[in-house]
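In my numbering, the protein residues as written are 306 to 711.
Right, dumping it as structure tokens:
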């Protein structure tokens, strides 16, 4: 009887945690937009929006600037912003308010910092000063820096703060190098969990473990097969312990541009696939999400990648898109202007020129419920304090738009 009870319990556990994978790539667009779209301002390759409590916002421009913007569209460039390496997908990327902003006025930036032979993702923090002088970030300091610097885009650069406000999660893309996403000694292709000061967070899966003192650097290869034999262009020796293993929360990600906690405390990640296979993943401690070992897509040159069904030991996405939507970010709506969407996630799409709404069930399942074509490459969509939605367009110039109920 005990064996039977254990078997029943195990079957129930597996049933409760397993979810079918859904391809939402062919989802038709809803015929009518439920919102009006009003252009407010223009920017040079805008990347991310962060709203201040008073309704003003900070907007990053990939070319290297951070702008303070009023709801009417007046812009003032922030001083004290660090230098970034603007090249391809690299540059000034994310901007996020501290979870304790009301007290500390801290603002976090993610960007690709210039370095030898290319650049490396950096996470930094400064105090936003809004006085009668030009707005600025004071005492900016780098908290975490990807080393070695090198070639390749897809930096990741998304941040999500834990619901208790104690920790931050940072996505690090694979920099188009493929195989290092599975190397536990390299941060690329990982989601890191750090303290608010950028140190390894206690309770991480490999807390206290250090990695190899020397790691190889490769240039972006042509495809996943070529990556297996890619020549090493240089090696990097850490001046101190390699803390990558102790920083890592989950592994096996390609281009993790979206990261957000849902209202139930679950962590969701959104990423680009290669030629097909964009993914929405429910992120769990210590799990491996498969890149570049498996994918629902194939390499850009047509070289196949093993299907996720071939590796049941790796975590599959809840939703994937073939053809791709080229996602920009994911956010959860909680405002009053669109009350019917409370608890839903909104996903911005670039190649798809769309906004996608995703709904969730109590067991961690996800469904792509709506898709609205907006005719613009949507890099980011965020909620303002009044509940309106704002989006920026991946273009040069790229617009800033306000969305309100129709």
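Even glycine gets a Cβ: it sits at the ideal position worked out from N, Cα and C.
No experiment lies behind these values; they were computed from the predicted model shown.
Roughly how many angstroms lie between the CA atoms of residue 533 and residue 617, to the nearest whole one? Here the question's residue 533 lines up with position 228 in the chain shown. Here the question's residue 617 lines up with position 312 in the chain shown. Computed Cα separation, rounded: 22 Å.
If distances are taken between C-alpha atoms only, which option among 519, 499, 522 and 521 comes closest to residue 511? Counted from its first residue, the chain shown places residue 511 at position 206. For residue 511, the closest alpha carbon among the candidates 519, 499, 522 and 521 is that of 499.
Secondary structure of residue 421, DSSP reduced to three states: The residue labelled residue 421 in the question sits at position 116 within the chain shown. Residue state, collapsed to three classes: coil.
Contact between the region 551-565 and the region 478-495: three or more CB pairs below 8 Å? Remark: three or more beta-carbon pairs, one from each stretch, lie closer than 8 Å, so the region 551-565 and the region 478-495 are flagged as touching.
Let's see if you can read the secondary structure: which residues bound the beta strand (DSSP E) around residue 389? Along the chain shown, read from residue 1 onward, the residue named residue 389 stands at position 84. No residue range can be given for residue 389, since it is assigned to no beta strand (DSSP E) and is classified by DSSP as neither H nor E.
Below 8 Å CB to CB, which residues in the same chain sit around residue 669 once its five sequence neighbours on both sides are set aside? The count along the chain shown starts at 1 and reaches residue 669 at position 364. For residue 669, where only same-chain residues beyond five positions count, the Cβ hits under 8 Å are 322, 324, 571, 587 and 623.
Buried or exposed by the 16-neighbour rule on C-beta atoms within 10 Å, applied to residue 416: Position 111 of the chain shown holds residue 416. Under the 10 Å beta carbon count, residue 416 is surrounded by 16 or more other beta carbons and is classified as buried.
Among 647, 336, 598 and 495, the one whose alpha carbon lies nearest that of residue 574: Along the chain shown, one-based indexing puts residue 574 at 269. The shortest C-alpha separation from residue 574 is found at 495.
Taking its Cβ as the centre, do 16 or more other Cβ atoms sit within 10 Å of residue 389, making it buried, or is it exposed? The count along the chain shown starts at 1 and reaches residue 389 at position 84. Buried is the call here.
Taking the alpha-carbon positions, what's the residue 645 to residue 705 distance? The residue given as residue 645 occupies position 340 in the chain shown. The residue given as residue 705 occupies position 400 in the chain shown. Answer to the nearest angstrom: the Cα atoms are 24 Å apart.
Skipping 5 residues on each side, what residues in its chain have a beta carbon closer than 7 Å to that of residue 628? For the purposes of this step, residue 628 is taken as the residue at position 323 of the chain shown. Exclusion of the five residues before and after residue 628 leaves 330 and 581 as the residues of its chain whose Cβ lies within less than 7 Å of its Cβ.
Please say whether residue 520 and residue 453 have beta carbons closer to each other than 9 Å? Taking the chain shown and counting its residues from 1, one reaches residue 453 at position 148. Taking the chain shown and counting its residues from 1, one reaches residue 520 at position 215. Their beta carbons are under 9 Å apart, which means residue 453 touches residue 520 by this criterion.
May I have the straight-line CA-CA distance separating residue 569 from residue 537, to the nearest angstrom? In the chain shown, counting from the first residue as 1, residue 569 sits at position 264. In the chain shown, counting from the first residue as 1, residue 537 sits at position 232. CA-to-CA, the gap between residue 569 and residue 537 works out to about 44 Å.
Does the separation of the CB atoms of residue 556 and residue 592 fall below 9 Å? Stepping through the chain shown from its first residue, residue 556 is reached at position 251. Stepping through the chain shown from its first residue, residue 592 is reached at position 287. Less than 9 Å divides the Cβ of residue 556 from the Cβ of residue 592.
Report the rounded CA-to-CA distance for residue 524 versus residue 636, giving the unit in angstroms. Start at 1 with the first residue of the chain shown, and residue 524 comes out as number 219. Start at 1 with the first residue of the chain shown, and residue 636 comes out as number 331. Approximately 33 Å between the Cα atoms of the pair.
Every unbroken beta strand (DSSP E) within the region 548-583, with a cutoff of 3 residues, ordered by chain: 553-556, 560-566 and 572-577, all fully within the region 548-583.
Tell me the rounded alpha-carbon separation between residue 530 and residue 431. Sequence index remark: in the chain shown, residue 530 carries index 225 (1-based). Sequence index remark: in the chain shown, residue 431 carries index 126 (1-based). C-alpha separation (whole angstroms): 42 Å.
Between residue 392 and residue 610, what straight-line distance do the alpha-carbon atoms span, to the nearest angstrom? The residue given as residue 392 occupies position 87 in the chain shown. The residue given as residue 610 occupies position 305 in the chain shown. Per the coordinates, the alpha-carbon of residue 392 lies some 28 Å from the alpha-carbon of residue 610.
Where residue 492 falls, given that 16 or more other Cβ within 10 Å makes a residue buried: Mapped onto the chain shown, residue 492 falls at position 187. Residue 492 is buried by the Cβ-count criterion.
Between which residues of its own chain and residue 466 is the CB-CB distance below 6 Å, once the five residues before and five after are set aside? The residue given as residue 466 occupies position 161 in the chain shown. Setting aside the 5 residues that flank it on each side, residue 466 is surrounded in the same chain by 404 and 473, each with a C-beta closer than 6 Å to its C-beta; the list follows chain order.
If you draw a straight line from the C-alpha of residue 308 to the C-alpha of residue 339, how long is it? Reading the chain shown from its first residue, position 3 is the one you call residue 308. Reading the chain shown from its first residue, position 34 is the one you call residue 339. With a pLDDT of 42 at residue 308, under the threshold of 50, the modelled position of that residue is not reliable, and the figure given next carries that caveat. CA-to-CA, the gap between residue 308 and residue 339 works out to about 54 Å.
In angstroms, rounded to a whole number, what distance separates the CA positions of residue 444 and residue 647? For the purposes of this step, residue 444 is identified with residue 139 of the chain shown, where counting begins at 1. For the purposes of this step, residue 647 is identified with residue 342 of the chain shown, where counting begins at 1. Counting only the Cα atoms, residue 647 lies some 37 Å from residue 444.
What would DSSP say about residue 530, mapped onto helix, strand or coil? Taking the chain shown and counting its residues from 1, the one referred to as residue 530 is at position 225. For residue 530, the three-state secondary structure derived from DSSP is helix.
Rounded to the nearest angstrom, what separates residue 380 and residue 681 at their Cα positions? Translated into positions along the chain shown, residue 380 becomes position 75. Translated into positions along the chain shown, residue 681 becomes position 376. Residue 380 and residue 681: Cα-Cα distance of roughly 22 Å.
So, residue 265 versus residue 368, is the Cβ gap smaller than 9 Å? Within the shown structure, residues of the chain are numbered from 306 to 711, placing residue 265 beyond reach of any answer.
Fully enclosed by the region 575-629, which beta strand (DSSP E) runs are 3 residues long or longer? Within the region 575-629, the complete beta strand (DSSP E) runs of at least 3 residues are 583-588 and 624-626.
Going by beta carbon distance, what residues of the same chain come within less than 8 Å of residue 394, once the five residues before and after it are set aside? In the chain shown, the residue the question calls residue 394 occupies position 89. Here the set comprises 458, 459 and 460.
Three or more beta-carbon pairs under 8 Å between the region 652-659 and the region 600-615, yes or no? Because the criterion of three Cβ pairs below 8 Å is not met, the region 652-659 and the region 600-615 do not touch.
Per DSSP, which one or two residues make a beta bridge with residue 328? For the purposes of this step, residue 328 is identified with residue 23 of the chain shown, where counting begins at 1. In DSSP, residue 328 forms a bridge with 625.
Would you grab the beta carbon distance between residue 633 and residue 350 for me? Rounded to a whole angstrom, and I think it's under 8 Å. Mapped onto the chain shown, residue 633 falls at position 328. Mapped onto the chain shown, residue 350 falls at position 45. About 12 Å separates the two Cβ atoms, so there is no contact after all.
Just verifying my parser: in three-state terms, what is the DSSP assignment at residue 486? Working through the chain shown from its first residue, we reach residue 486 at position 181. Collapsing the DSSP output to three states places residue 486 in a helix.
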